[in-house]
Amino acid sequence: MNTLDAPSRRRFLKSGALIGGGLVVGFVVPGAKRFAAAAPAAAAAASAGFAPNAFLRVGSDDTVTVLLSHSEMGQGIWTGLAMLIAEELDADWSKIKVEHAPAAPAYAHTMFGMQMTGGSTSTWTEFERYRMAGATARALLLAAASKRLGVPAEQLCTENGAVIAGSRRLRYGELAAAAAALPPPATPPTLKDAKDWKIIGKPTRRLDGPEKIDGRAKFGMDVQFDGLLTALVARAPVFGGTVKSFDDRAARAVAGVRDVVQVPSGVAVVADHYWAAKQGRDALKIDWDTGPHAAGLDDAKLRAEFARLAAAGGGAVASKAGDADAALKRAAKVIEAEYHVPYLAHAPMEPLNCTVKIGADRCEIWTGTQFQTMDQGVAAKITGLAPEQVQIHTTFLGGGFGRRATPSSDFVSEAVYVAKAAGKPVKTVWSREDDVRGGYYRPMYLQRARIGLDAQGRPVAWKHVMVGQSIIMGSPFEKALVKNGIDSTSVEGVADSPYLRDIGDRFVELHSPQTGIPVLWWRSVGHSYNAFVMESLIDEAAHAAGRDPVEYRRSLLGAHPRHLAALNLVAEKAGWGAKLPAGRARGVAVHESFGSYIAQVAEVSLLDAPGGGKRIRVHRFVCAIDCGLAVNPDGVRAQMESGINFGLGAALYSELTFKDGRVQQSNYHDYRVLRLDEAPAIEVHIVASAEKMGGAGEPGTAPVAAAVANAVFALSGQRLRELPLRAKA
């Protein structure tokens, strides 16, 4: 059965015979419409009310295959979502297998209305849907067993992949074919009570771990089949540049080069293998029209322009209450500070790649992507096919961090153009240098704040100006996420900060200049820089008030119990206030993002750096998280560790600089990320919580830089207001 078709629910449920006598469970949910304008195919499914969604297969060999509607990119949903189905199905965990689902409206995100992975939403948005799929399969298997045994279904029970009737046991595989022939349950089955869970909430080893360790796991770069060629594209060295003319004679003379084709993004060299394609690309002679950004686009000019905007006023108002200017005049003490963060690349370990095979009536794509619906629609437009004729094989992603979720589907659309022009199956590969110098970035931001404190040191006035590019304006998501000139991702963590919400006189202003530099969400998005600014400012206020940073935050977060619980837990586990070895200090930060509440304590020292100066050494990092229910506590801990190390690389080393419209960095040697020997000892503690579930993939990154910067201040008195953090001698 072609899962890209849209069969009736009943026919879908009866299709088990097509997989060797097994059972396919299709479960239906209303589609979401939040991003309908951006994802017309998904929106069509949503507007229809219901669509068949195949989320699991029970085979005659007892295997239970979970179809993952989202992409596994290291965040652990390959295991976490399977746990939801296995719990309600009472499956034998050793028989669980997982596959990425095909690209189809049936697998649309329950909140965004399109098939995608991002926003730390996969687990909590699928919590009901995947459990219901498991419960539906269990109900059908019970009904099949009831007919075979002549025993009412309510007198049967299930356990570890079998239906039990007294001393008799029927394996799910024995019942799968019969269950597939039954009509779906007339009413949705009742889900288990939390007290009866045996899998959900228990630390569980990752299902994808063994195959990633021994090399069996297939990433996009691993795709290979007979007749597949490899291409590299020469792109303009300046954003917005285009090809005026090119000479490909030397490139075609390289052994292994099969073709040279022009595509919208540049000139592609198609060859038998990567090295031939690279040598051929190096041999190209291209005359570029460098466009409007070749002159004048550099860091100094950008910072000067951002500073001018910050001083000019007149930006969009993100938050306003009372009269901040008047309250500042009445304040007992005023803190003034300017913070700056640079452009950042995503720099995933697996470089971008996409394999495309185009036929007369079908286009097949193999890639690690976060945006199946967008990619499918773009490929359909390029090839002239219908979206359902574009089949996407989602592979494991060797890191995403937002880079593989581009609204323009840049690396996928480029690969489709290359394969179409070449007339053969082609894997288009980006080197890391290609991506660092010609990809999408976290935007640069300049922020200025004036905070008025009363005689007791509490903030009573706050005026905040933010200047930086919007990642949403001009994208298909602008209508959904930009209101009154405010990109919600630009101001998240500032305009809605718990500290600001409790201040009667506040004003937050946003300027969103356009620079010509392409920007995109980056792990923890606006929180990645706003948490640094806000938690550093609160630390400045604590010291100005002469208060301990933890005690000061406690005094401000009394009306915010989830923030406070995370703060209290991390302070306890980090031993806040206990004596440290000479030359070390602690810093703290608390931040809410993606529905989760994170508190972190960094323990740092300053070491002599080669060539003079000091370098920051982070020895220990303690993290507390309240994410509501932790479906897989091991997965949550792993994501906190991942997010902390990712954030530390950005806090200590990473930055992109520009000169004459060109990115100056190229790879890990000059765009530094955290190295293994620099990783601190990390402790993660999960707050016992019955609150609404939040995400885990991104929140751990957001407070990292602030915790480190605050520790450096506690140690040396240096207030570091710019990333990456650079301590002075």
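Taking my numbering as reference, the numbering of the sequence shown is continuous, increasing by one, and the terminal residue is 2013. Glycine included, C-beta positions come from ideal geometry on N, C-alpha and C.
Within the stretch 1628-1686, the complete alpha helix (DSSP H) runs of at least 4 residues fall at 1656-1667. Collapsing the DSSP output to three states places arginine 1455 in a strand. The three-state reading of DSSP puts phenylalanine 1530 in strand, counting E and B together. Sequence-distant Cβ neighbours of histidine 1795 in its own chain, meaning closer than 6 angstroms and more than five residues away, are Leu1593, Gly1599, Val1751.
Following the DSSP letters along the chain, one finds serine 2000 in no beta strand (DSSP E) but inside the alpha helix (DSSP H) bounded by residues 1988-2000.
Approximately 34 angstroms separates the beta-carbon atoms of tyrosine 1627 and leucine 1365; this is outside 8 angstroms, ruling out the contact. Of Gln1660, Phe1680, Leu1681, the smallest CA-CA separation from glutamate 1672 is found for Gln1660.
Excluding its 5 nearest sequence neighbours in each direction, tyrosine 1813 has C-beta neighbours in its own chain below 6 angstroms: Val1625, Tyr1729, listed in chain order. Residue pairing for tyrosine 1623: DSSP places it in a beta bridge opposite Gln1731. The criterion of a C-beta distance shorter than 9 angstroms is satisfied by methionine 1398 and phenylalanine 1655.
Looking at the backbone, the Cα of glycine 1360 and that of arginine 1490 are separated by about 7 angstroms. One alpha carbon belongs to valine 1553, the other to phenylalanine 1942, and they sit about 27 angstroms apart. Going by DSSP, tryptophan 1746 is part of the beta strand (DSSP E) stretching over 1743-1752.
In the displayed model, tyrosine 1937 falls within coil according to three-state DSSP, outside both helix and strand. Per the DSSP secondary-structure output, isoleucine 1909 pairs in a beta bridge with Ile1882, Ile1970. With respect to the 9 angstroms criterion, glycine 1723 and histidine 1577 are not classified as neighbours on the basis of their beta carbons.
Taking C-beta atoms as the reference points, arginine 1519 and serine 1549 count as a pair closer than 9 angstroms.
Rounded to the nearest whole angstrom, the C-alpha separation of histidine 1384 and lysine 1496 is 15 angstroms. Straight-line spacing of the CA atoms in arginine 1533 and methionine 1357 works out to 40 angstroms. Proximity to threonine 1657 across Ala1965, Arg1646, Thr1678 peaks at Thr1678, based on C-alpha coordinates. Ranking Val1778, Ala1460, His1969, Met1367 by CA distance to the CA of lysine 1486 puts Met1367 first. Ranked by how close their Cα comes to the Cα of isoleucine 1755, the residues Gly1810, Asp1543, Asp1944 have Gly1810 in first place. For histidine 1953, the number of other beta carbons within 10 angstroms of its own is below 16, and it is reported as exposed. A Cβ-Cβ separation of about 35 angstroms leaves valine 1662 out of contact with glutamine 1731 under the 8 angstroms criterion. When beta bridges are read from the DSSP output, glycine 1550 appears opposite Arg1519, Val1547. Of the residues assessed, threonine 1474 falls on the exposed side of the cut-off, its CB having fewer than 16 other CB atoms within 10 angstroms. As for any alpha helix (DSSP H) of minimum length 4 sitting wholly inside the stretch 1336-1417, the runs are 1361-1373, ordered along the chain. Three or more Cβ pairs drawn from the stretch 1884-1892 and the stretch 1841-1859 lie within less than 8 angstroms of each other, which places the two stretches in contact. Taking the CA atoms as reference points, threonine 1347 sits about 12 angstroms from asparagine 1444. The beta-carbon distance between tryptophan 1408 and glycine 1984, rounded to whole angstroms, is 16 angstroms. This is too long to meet the 8 angstroms contact definition. A Cβ-Cβ distance of about 25 angstroms is found for the pair arginine 1726 and lysine 1747, leaving them out of contact under the 8 angstroms criterion. DSSP, reduced to helix, strand and coil, places tryptophan 1806 outside both helices and strands of the structure shown, so it counts as coil. In the three-state reduction of the DSSP assignment, isoleucine 1822 falls in the helix class, which pools H, G and I. DSSP, read as helix, strand or coil, puts tyrosine 1952 in coil. Pairing glutamate 1824 with alanine 1869, the inter-Cα distance amounts to about 16 angstroms.
Here isoleucine 1484 carries a coil assignment [DSSP, helix/strand/coil].
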